[in-house]
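Going down the list, the sequences are from chains A and B. 192 is the number that the numbering used here gives to position 140 of the first sequence; each next residue is one higher, with no gaps. 1155 is the number that the numbering used here gives to position 87 of the second sequence; each next residue is one higher, with no gaps. All residues carry an ideal CB built from backbone N, CA and C; glycine is no exception. This one's a predicted model, so the numbers in the text were calculated from it and none came from an experiment. Some notes on the structure that comes next.
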Amino acid sequence: MKKNLIIIGAGTAGTMMANKLNRRLDTGQWQITIIDRDNTHYYQPGFLFIPFGIYQPKDVVKTRTEFLPEDVTFLTDEVEQIEGELNQLRLKSGDVLDYDILIIATGAEIAPQETPGLKEELWYKDIFDFYTYEGAVKLAQKLKDWKGGRLVINLAETQIKCPVAPLEFTFLADAYFTDKGMRHLVDIKYVTPLSGAFTKPKATQMLNGLMEEKEIEVVPDFYLASVDNEKKVIVSYDEKEVPFDLLITIPVNKGDMMIEKSGIGDEDGLNFVPTDKFSLQSKKFKNVFVIGDTTNIPASKAGSVAHFEAEILTENIQSFINNKPLKATFDGHANCFIETGHGKAALIDFNYDTEPLPGKFPLPAIGPMDLLKATRANHVGKLAFKWVYWHMLLTGKKLPVTTHMSMTGKIKEENKETSLV
Amino acid sequence: METAITNQALATNTEGYLLDYTQWTPDWGIEVARMYVIELTDKHWEILEWLRQKQAEGVALSIRKVGNSGITDIKQFYRLFPGGPLKISSKIAGIPKPVSCI
Ligand SMILES: Cc1cc2nc3c(=O)[nH]c(=O)nc-3n(C[C@H](O)[C@H](O)[C@H](O)COP(=O)(O)OP(=O)(O)OC[C@H]3O[C@@H](n4cnc5c(N)ncnc54)[C@H](O)[C@@H]3O)c2cc1C
């Protein structure tokens, strides 16, 4: 009888793993199964562009099965519970599945219900998210006829997927209202629990500068406690208030409820799974691995990160099967374009130990891109990511970017010299 | 860098966070708290002990984790350590400055 490798979640990370493992495992010995609730795959990075009419809703939707290899079994079902001690999954349909190896790739979702007042009277009237398909599409309609006023972009938490997306939204909003000739009617505030526009010093400096240039006020150290629908203000835990006419919220992000039900979530109650940050093995069960947004590792929750993780995890799963030590180590590598509006974007490349630095990022065939600097070439790169995502990333093809972060082209503050490592 | 705020000088970083949390003493905590005009109550101590325990377990801390600890909630945490509750309480507890990972 074949052994079972089961992947929960056929999003970015799960789909990549299904493709890679299908090529690398002996399919005579291993049956690979992937489970998701439905057969709709959204290109989530595209949600950013929908509110501004840059992408149409149809641009970001495809089926899951068209990216899955034929040998892999796709089940439309929902995992209700992982029983790690029994190596079993309980499904919503009532089925029980046994696994030899499990990969959890269940992502993160917004949880507006965590904040009192957020998902009440004003939800999808004057309060919108753009982290879901529905939110992004509804916001596009709202922005079309909005007459202006106080626009507040607020992050409810620091641990969110694509931590740069709220910044990009803010810059694109500035450009959108400028192009409509109504920027003077819109007061834009960026309200964040961080002490600046971003976490790492050099990127923060660059991004704070862009905010200033675009006359966007950054309100730092604001940790959202509740929303007052009547007064139309957001309230922090230390009782600061910021009034809004239109609130763009990035609600608390959480892992799937199934994680909580299975008793395998982290202590903060956000349902992310404690994971070894180097090997991507779960901290609780040796035959359970975790990838993508649903890990609790200190790396960005981004598709590019999931891609680098997938390279590492594919190796480690092969080692695990062959009873060898899990030698491949993830370094926290993230590579993100940041749209800055008016056809420009910046690029950041960093890992657990190295913050985003200025300099050049080498890309074979396409040529070097500027790091931490808004350029047209980076914007073209950002838009090209959609094609790369559908045609290369999901199907697990090799991308022209190293798995581990490289210092080539990066400039360290101290010597201002291009590093040659 | 060394900082002498009790009768002993301990190694800290430039922001005043202890480099080695095992060197910490309650007196050190009391003196750091005084710089923030915080008088440490039993509740404060309970939180500080919890933070030190988590540090020893190698757990990465966040405000939400403190709020979920069963010892306090986020609102009270802000009242007890006004300004930046996790940054300030970590400094008082002698553990490293919490890092945001993104
Ligand atoms: C607005 C926005 C902009 C972004 N921009 C970028 C960007 O520019 N660049 C970038 O690299 N990344 C970006 N991202 C992040 C990127 O989309 C995610 O990091 C990536 O999709 C994570 O992949 P994942 O597989 O972990 O999760 P997902 O792709 O979300 O997949 C998780 C899957 O698990 C399924 N699932 C969950 N629970 C269960 C269950 N119990 N049973 C069965 N199935 C389940 C879900 O249905 C889902 O299909 C952006 C995200 C957003 C929201």
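{"Asked": "Does the beta carbon of Ala398 (chain A) come closer than 8 Å to any beta carbon on chain B?", "Found": "no"}
{"Asked": "Please list, in chain order, the chain A residues whose beta carbon lies closer than 9 Å to that of Gly1084 (chain B).", "Found": "Near Gly1084 (chain B) there are no residues of chain A at all, since even the closest Cβ is about 16 Å away, more than 9 Å."}
{"Asked": "Are any of the Cβ atoms in chain B nearer than 8 Å to that of Gly321 (chain A)?", "Found": "yes"}
{"Asked": "Applying a beta-carbon distance threshold of less than 7 Å, which residues of chain A neighbour Ser1157 (chain B)?", "Found": "Neighbours of Ser1157 (chain B) on chain A: none; closest Cβ ~14 Å, over 7 Å."}
{"Asked": "With a cut-off of 8 Å, does the C-beta of Pro1166 (chain B) fall near any C-beta of chain A?", "Found": "no"}
{"Asked": "Using a beta-carbon distance below 8 Å, is Gly1152 (chain B) in contact with chain A?", "Found": "yes"}
{"Asked": "Using the three-state DSSP reduction, which class does Asp273 (chain A) fall into: helix, strand or coil?", "Found": "coil"}
{"Asked": "Taking 7 Å as the line, does the beta carbon of Lys196 (chain A) fall inside it for any heavy atom of ligand 1?", "Found": "no"}
{"Asked": "Does the separation of the CB atoms of Leu1129 (chain B) and Ile1160 (chain B) fall below 8 Å?", "Found": "no"}
{"Asked": "With the cut-off set at 8 Å, would you say Glu319 (chain A) and Lys1143 (chain B) are in Cβ contact?", "Found": "no"}
{"Asked": "In whole angstroms, what is the alpha-carbon distance linking Lys81 (chain A) and Asn375 (chain A)?", "Found": "The sequence shown places Gln at residue 81 (chain A), rather than the Lys named in the question. The alpha-carbon atoms of Gln81 (chain A) and Asn375 (chain A) are separated by roughly 16 Å."}
{"Asked": "At the level of alpha carbons, what is the spacing between Thr347 (chain A) and Gly307 (chain A)?", "Found": "9 Å"}
{"Asked": "Taking only runs that begin and end inside the region 323–347 of chain A, name each unbroken alpha helix (DSSP H) of 4 or more residues, in chain order.", "Found": "none"}
{"Asked": "Taking only heavy atoms of ligand 1 into account, decide whether any of them is closer than 7 Å to the Cβ of Ala157 (chain A).", "Found": "yes"}
{"Asked": "Just by C-beta distance, which residues in the region 278–298 of chain A are closer than 8 Å to chain B?", "Found": "Tyr289 and Asp290"}
{"Asked": "Should Ile97 (chain A) be listed as close to ligand 1, given that the test is whether its C-beta is under 7 Å from any heavy atom?", "Found": "According to the sequence shown, residue 97 (chain A) is Pro rather than Ile. Yes; taking the cut-off as 7 Å, the Cβ of Pro97 (chain A) has a heavy atom of ligand 1 nearer than that."}
{"Asked": "Measure from the C-beta of Trp1124 (chain B) to each C-beta in chain A and report whether the shortest distance is under 8 Å.", "Found": "In the sequence as presented, Trp is not what sits at residue 1124 (chain B); that position holds Ala. Closer than 8 Å: no."}
{"Asked": "Cα-Cα, which of A:Asp181, A:Ser334 and A:Thr125 is closest to Phe372 (chain A)?", "Found": "A:Ser334"}
{"Asked": "Could you tell me whether any non-hydrogen atom of ligand 1 is closer than 7 Å to the CB of Lys183 (chain A)?", "Found": "Before going on, a small fix: residue 183 (chain A) reads as Tyr here, not Lys. Yes."}
{"Asked": "When the Cα of Lys196 (chain A) is compared with those of A:Met234, A:Thr184 and A:Asn206, which residue comes out closest?", "Found": "A:Met234"}
{"Asked": "Would you list the residues sitting across from Met421 (chain A) in a DSSP beta bridge?", "Found": "A:Phe413"}
{"Asked": "Measuring only the C-alpha atoms, how far is Gly315 (chain A) from Val279 (chain A)?", "Found": "30 Å"}
{"Asked": "Quick one: residues in its chain with C-beta nearer than 8 Å to the C-beta of Phe221 (chain A), no 5 flanking neighbours on either side, listed in chain order?", "Found": "Leu100, Pro103, Phe182, Ile205 and Ile300"}
{"Asked": "Please find out if some non-hydrogen atom of ligand 1 comes closer than 7 Å to the beta-carbon of Thr64 (chain A).", "Found": "yes"}
{"Asked": "At the level of alpha carbons, what is the spacing between Gly384 (chain A) and Ala1101 (chain B)?", "Found": "35 Å"}
{"Asked": "Using DSSP bridges, identify the partner residues of Val1134 (chain B).", "Found": "In DSSP, Val1134 (chain B) forms no bridge with anything."}
{"Asked": "Just to confirm the assignment, what range does the alpha helix (DSSP H) spanning Tyr185 (chain A) have?", "Found": "Tyr185 to Asp197"}
{"Asked": "Regarding Met234 (chain A) and ligand 1, is the C-beta to nearest heavy atom distance less than 7 Å?", "Found": "no"}
{"Asked": "Is it buried or exposed for Asp78 (chain A), if we count other Cβ within 10 angstroms and need 16 for buried?", "Found": "exposed"}
{"Asked": "Shortest alpha-carbon distance to Asn323 (chain A) belongs to which of A:Ser331, A:Phe330, A:Val342 and A:Gly200?", "Found": "A:Val342"}
{"Asked": "Val1127 (chain B) CB to nearest chain A CB: under 8 Å?", "Found": "yes"}
{"Asked": "Under 7 Å between beta-carbons, which chain A residues line up against Lys1133 (chain B)? List them in chain order, please.", "Found": "Glu319 and Asp320"}
{"Asked": "Measure the alpha-carbon distance for Leu138 (chain A) versus Leu423 (chain A) and round it to whole angstroms.", "Found": "48 Å"}
{"Asked": "At which residues does the alpha helix (DSSP H) containing Asp1110 (chain B) begin and terminate?", "Found": "Asp1110 to Glu1125"}
{"Asked": "On the DSSP bridge assignment, give the partners of Cys388 (chain A) in chain order.", "Found": "A:Ile400"}
{"Asked": "Following a CB-centred definition, is Asp345 (chain A) positioned closer than 7 Å to any heavy atom of ligand 1?", "Found": "yes"}
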